[in-house]
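In full-length UniProt numbering, the protein residues as written are 1 to 700.
Here a beta-carbon is modelled for each residue, glycine too, at the ideal position from N, C-alpha and C.
Data first, discussion second: the structure below is written as structure tokens.
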């Protein structure tokens, strides 16, 4: 009998970077537990990690290239697949231009070491500017704020949660998400530690979330009014002379312009719109300014709305004006071993370099907003997308206006998907190229070390060898790129590029290398966050741009939005927001029987008073209708919801025909994006505005 073996690795399902200890006997997985010796997660593990074995063993998982034929899906060889894809893509580009082929990257790419490093090579070979990703359905406002204020979109400030005395959380639920642009496994313990050392945690959210229930204070707020709320806090800091710039005083540019811009936004003028008292807003500003250390952290609820760009700018402004930027216990900057911000000082940003063809939305970080992808496929004319490749993504369920995106994919001349499942998006493909999964790949967190609340580094060897006929994602893209260009393989691997980056990074002189990480399978502790903005800021003169003109200009859009007026919408009286589930991350996780067992989590949460008014009872089926579509789902009466606001999880809807995810299909739920409108975006950044959709609710 094969002896039991122990494998250590980082979980790559979500952002938390939890260390895992996996016991296995040959290919049989005996247990998946938290690694107590991991210097970052210290044994913490969330329910999602167990899905790694389900992905590996899933009978629904594709393992060979598949081609759509008149007789259904058929297996083909890698060589045949690459030859046909290259021929079709090049033919379409020769006839209609380089941008006639589009690319969509799904969420798992951010957690895929090989793709994170090697994708730029594939993009260069394909030669199209029509690139889209889940980032514009999630986090663009953060990157645009960092770009304009600090000179680099990846230089994102992170809450120093382990040392703060006051934490204000706006539109985020980190106990469930384990952070999200604040990589922090075990957030519940970290928040409790704030309270144990005499600090305070405040949550502002339209829903009394799992995090809010553990906080010292929760304030309800109406969706889409977060920017008004934060403007009023900034107004209070100026009006009551509470501004403290600390050690950054000589690095601040635009203080006077900011003070003038916020003058019209006193707490008394925005309180009714926000659904809270002016005194509560003022008191929060005073508490944040008075705390020994404090930090404001806002996330999905503040980002994925019509004014997400303003929210993330103002989030940074609050931290700066209270002396909590680049300061212990405030908003700080990790110093990752593999740094994505190197050598960008003074270089021009890609923001606005191009505009999307149909809706003139801004190009940023080398991609266009996914909210306009369907427009670019369905609208005839020069530059129309006629072919697509989707890589580890399911935008039919995760992007706004999913039903219209289905129509768009159906209209393509040719489509390719790199994915392990036949799902709601890949079913439209002509060829599907399946890759290896989490336990078969080496791993290093290229992105999330840049957002981590402590500096660490860890490399994970593959637990299982891939089968001879399998390819990693990056190998698929490499071989396809070679087929497209006719070039020879130069032998470059993700490991080689990682090693080079580590040796030339912040810890290279101390011996950091891939060899060092391989010798430390639990990971290497590089210490707590330290003030380092003077070295890492990328603006040409080294100053923080406190009041970039594009944000001051966008205040006019906010003022003209009507949010300050009473909102009586008789056709669509409710506001829909999304929510995160502890056992769900992307649509892959919904094919894990361990994660979907139990009662249906895809419910419509509604306040008891609202339910009574429209005659809904707990468990009853309700119809939710927007200007874009209609869905039916069961009611969950919950007084943790603000009146007039309803909530449902995003990423469900496994009820389309011709898919092959049997576990997900057994508990399909419905897709929130069948009622979201791809026309609703944050005009400043192009990010999708999922939260704040106006809807009507009635008994089904």
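Whole-angstrom C-beta distance between residue j and residue i, which should lie under 8 Å
{"i": "residue 403", "j": "residue 674", "result": "5 Å"}
{"i": "residue 695", "j": "residue 616", "result": "Incorrect: roughly 14 Å between the Cβ atoms, too far for contact."}
{"i": "residue 544", "j": "residue 149", "result": "6 Å"}
{"i": "residue 226", "j": "residue 171", "result": "6 Å"}
{"i": "residue 34", "j": "residue 392", "result": "Wrong, their Cβ atoms sit about 26 Å apart, outside the cutoff."}
{"i": "residue 460", "j": "residue 134", "result": "Incorrect: roughly 23 Å between the Cβ atoms, too far for contact."}
{"i": "residue 113", "j": "residue 442", "result": "6 Å"}
{"i": "residue 682", "j": "residue 102", "result": "Going by Cβ atoms, the distance from residue 682 to residue 102 rounds to 22 Å, so no, they are not a contact pair."}
{"i": "residue 288", "j": "residue 322", "result": "5 Å"}
{"i": "residue 13", "j": "residue 48", "result": "5 Å"}
{"i": "residue 131", "j": "residue 367", "result": "4 Å"}
{"i": "residue 591", "j": "residue 58", "result": "6 Å"}
Per-residue burial, residue i [other beta carbons within 10 Å of its own, 16 or more giving buried]
{"i": "residue 783", "result": "Coverage of the chain is limited to positions 1 through 700, which leaves residue 783 absent and any answer about it impossible."}
{"i": "residue 353", "result": "exposed"}
{"i": "residue 1", "result": "Only weak support exists for where residue 1 lies, its pLDDT of 48 falling under 50; the value from the coordinates is given anyway. Its Cβ having fewer than 16 others within 10 Å, residue 1 is exposed."}
{"i": "residue 708", "result": "Only positions 1 to 700 of the chain appear in the structure, and residue 708 is not among them; the question remains open."}
{"i": "residue 6", "result": "exposed"}
{"i": "residue 549", "result": "exposed"}
{"i": "residue 31", "result": "exposed"}
{"i": "residue 698", "result": "exposed"}
{"i": "residue 235", "result": "buried"}
{"i": "residue 244", "result": "exposed"}
{"i": "residue 15", "result": "buried"}
{"i": "residue 744", "result": "The shown model of the chain, from 1 to 700, leaves out residue 744, and the question about it has no answer."}
{"i": "residue 36", "result": "exposed"}
{"i": "residue 747", "result": "Outside the displayed span of the chain (1 to 700) sits residue 747, for which this structure offers no information."}
{"i": "residue 241", "result": "exposed"}
{"i": "residue 74", "result": "exposed"}
{"i": "residue 28", "result": "exposed"}
{"i": "residue 510", "result": "exposed"}
{"i": "residue 688", "result": "buried"}
Alpha carbon of residue i to alpha carbon of residue j, nearest angstrom
{"i": "residue 290", "j": "residue 191", "result": "19 Å"}
{"i": "residue 535", "j": "residue 480", "result": "39 Å"}
{"i": "residue 208", "j": "residue 608", "result": "14 Å"}
{"i": "residue 43", "j": "residue 185", "result": "9 Å"}
{"i": "residue 104", "j": "residue 424", "result": "14 Å"}
{"i": "residue 593", "j": "residue 100", "result": "39 Å"}
{"i": "residue 294", "j": "residue 158", "result": "12 Å"}
{"i": "residue 87", "j": "residue 78", "result": "14 Å"}
{"i": "residue 320", "j": "residue 581", "result": "32 Å"}
{"i": "residue 488", "j": "residue 482", "result": "7 Å"}
{"i": "residue 165", "j": "residue 200", "result": "6 Å"}
{"i": "residue 239", "j": "residue 637", "result": "42 Å"}
{"i": "residue 198", "j": "residue 24", "result": "44 Å"}
{"i": "residue 378", "j": "residue 678", "result": "13 Å"}
{"i": "residue 532", "j": "residue 644", "result": "44 Å"}
{"i": "residue 701", "j": "residue 26", "result": "No statement about residue 701 is possible, as the shown extent of the chain runs from 1 to 700 and does not include it."}
{"i": "residue 496", "j": "residue 10", "result": "20 Å"}
{"i": "residue 269", "j": "residue 275", "result": "12 Å"}
{"i": "residue 491", "j": "residue 125", "result": "16 Å"}
{"i": "residue 381", "j": "residue 217", "result": "54 Å"}
{"i": "residue 193", "j": "residue 214", "result": "12 Å"}
{"i": "residue 659", "j": "residue 330", "result": "47 Å"}
{"i": "residue 618", "j": "residue 668", "result": "20 Å"}
Minimum Cβ-Cβ distance from residue i to chain B less than 7 Å
{"i": "residue 464", "result": "Of the protein chains in this structure there is only one, and it is not chain B."}
Any non-hydrogen atom of the ligand NAD closer than 6 Å to residue i Cβ
{"i": "residue 486", "result": "Of the ligands one can find in the structure shown there are none, so the ligand NAD has no counterpart to examine."}
At what residue ranges does the UniProt domain "4Fe-4S Mo/W bis-MGD-type" (4–60) contain a whole run of the alpha helix (DSSP H), taking only runs of 4 or more? 51–57
Can at least three beta-carbon pairs, one atom from the segment 132–150 and one from the segment 421–430, be found at a separation below 8 Å? no
Could you tell me whether the segment 9–20 touches the segment 30–41, using the rule of 3 or more Cβ pairs below 8 Å? yes
Pick out the complete beta strand (DSSP E) segments inside the segment 110–141, 3 residues or longer, and give them in chain order. 131–133
Segments assigned beta strand (DSSP E), at least 3 residues, entirely inside the segment 605–687: As far as the segment 605–687 is concerned, its whole beta strand (DSSP E) runs of at least 3 residues are 621–625, 630–637 and 645–649.
Would you call the segment 274–288 and the segment 522–540 in contact, with 3 or more CB pairs under 8 Å? Result no; under three Cβ-Cβ pairs closer than 8 Å.
Would you call the segment 668–682 and the segment 643–660 in contact, with 3 or more CB pairs under 8 Å? yes
Enumerate, from N- to C-terminal direction, the unbroken beta strand (DSSP E) stretches of 3 or more residues contained entirely within the segment 342–401. 387–391
Which runs of the alpha helix (DSSP H) spanning at least 4 residues fall entirely within the segment 241–274, listed in chain order? 255–261 and 267–274
Threshold first: 3 residues or longer. Then list the beta strand (DSSP E) segments lying entirely within the segment 173–209, N to C. 200–204
Runs of alpha helix (DSSP H) wholly within the segment 469–550 (minimum 4 residues, chain order): If we require 4 residues or more, the alpha helix (DSSP H) runs fully inside the segment 469–550 come out as 473–485, 494–503, 514–518 and 533–536.
Every unbroken alpha helix (DSSP H) inside the segment 295–345 [4 residues or more]: 300–303 and 308–321
Check whether the segment 433–440 touches the segment 55–69, taking contact to mean three or more Cβ pairs, one atom from each stretch, closer than 8 Å. yes
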